[in-house]
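Q:
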Amino acid sequence: MNYNNAHDGSINVLGNFPYVGQKTKQFTLVKDDFDIITHSDLYGKKCILFSFLSVDMPVCAESVREFNRLAYRMEDIEVICISVDTPFTLSRFCKREGLDYITTASCFSASEFSLDFGVKIDNPIFSGFTARAVICLNERGLIIHSQIVEDINQLPDFESVISALRTSNDECA
Numbered sequence: 001m002n003y004n005n006a007h008d009g010s011i012n013v014l015g016n017f018p019y020v021g022q023k024t025k026q027f028t029l030v031k032d033d034f035d036i037i038t039h040s041d042l043y044g045k046k047c048i049l050f051s052f053l054s055v056d057m058p059v060c061a062e063s064v065r066e067f068n069r070l071a072y073r074m075e076d077i078e079v080i081c082i083s084v085d086t087p088f089t090l091s092r093f094c095k096r097e098g099l100d101y102i103t104t105a106s107c108f109s110a111s112e113f114s115l116d117f118g119v120k121i122d123n124p125i126f127s128g129f130t131a132r133a134v135i136c137l138n139e140r141g142l143i144i145h146s147q148i149v150e151d152i153n154q155l156p157d158f159e160s161v162i163s164a165l166r167t168s169n170d171e172c173a
């Protein structure tokens, strides 16, 4: 998979990005309060997994803010925003921004996450970072929507995320 950026064209992304209908892979991440969150913690909940490079990138910070607004509007959805930022950085960002409706988690000590979820950036400048991607899960841990943001300067397609979650609601009703 190639990932576009303004600096030097395309960036390779490693791993196999999950597809709709697939069961979510196992993972263990560190939340911003240093508690652990795993894939099994999400069973029984509709969930958005959003991976991104860093809260220090303006477009990533705006994406996290928008997911917080989305989580506020859709109370039955759990949103996990995941990056290689340290839990300290994520906590400081969320407190400063007043982000109370999302969970932020770090994959800094779980390097397998980015490869397992197909978001590991393979580039000298951005090596070790995770690509911006959205994976929506239903209550059974099945992927109902997945998108990788192919341009490093663009926001995710929030409308397709909302649509997938609403369609999931209709199917469950």
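All residue numbers for the sequence shown refer to UniProt numbering, where the first residue is 1 and numbers rise by one. Note that the Cβ used here is the ideal one computed from N, Cα and C, for glycine as well.
Considering just the uninterrupted stretch of the beta strand (DSSP E) at Leu137, what are its terminal residues?
A: Following the DSSP letters along the chain, one finds Leu137 inside the beta strand (DSSP E) bounded by residues 133–137.
Q: In three-state DSSP terms, what is Lys95?
A: helix
Q: Check for me: the alpha helix (DSSP H) holding Val64 runs from which residue to which?
A: Membership of Val64 in the alpha helix (DSSP H) is indicated by the continuous run 58–73.
Q: Between Ile135, Phe34, Ser114, which has its C-alpha nearest Ser127's C-alpha?
A: Ser114
Q: Quick one, are the C-beta atoms of Lys168 and Ile144 less than 8 Å apart?
A: The sequence shown places Ser at residue 168, not Lys. Going by C-beta atoms, Ser168 is nearer than 8 Å to Ile144.
Q: In three-state DSSP terms, what is Leu42?
A: helix
Q: With a Cβ-Cβ cutoff of 8 Å, do Asp100 and Gly15 count as a contact?
A: no
Q: Going by DSSP in three states, Ala110 sits in which element: helix, strand or coil?
A: Coil.
Q: May I have the straight-line CA-CA distance separating Ile152 from Glu62, to the nearest angstrom?
A: 13 Å
Q: When the Cα atoms are used, what is the spatial distance from Asn68 to Ile102?
A: 5 Å
Q: Buried or exposed, going by whether 16 or more other CB atoms sit within 10 Å of the CB of Asn138?
A: buried
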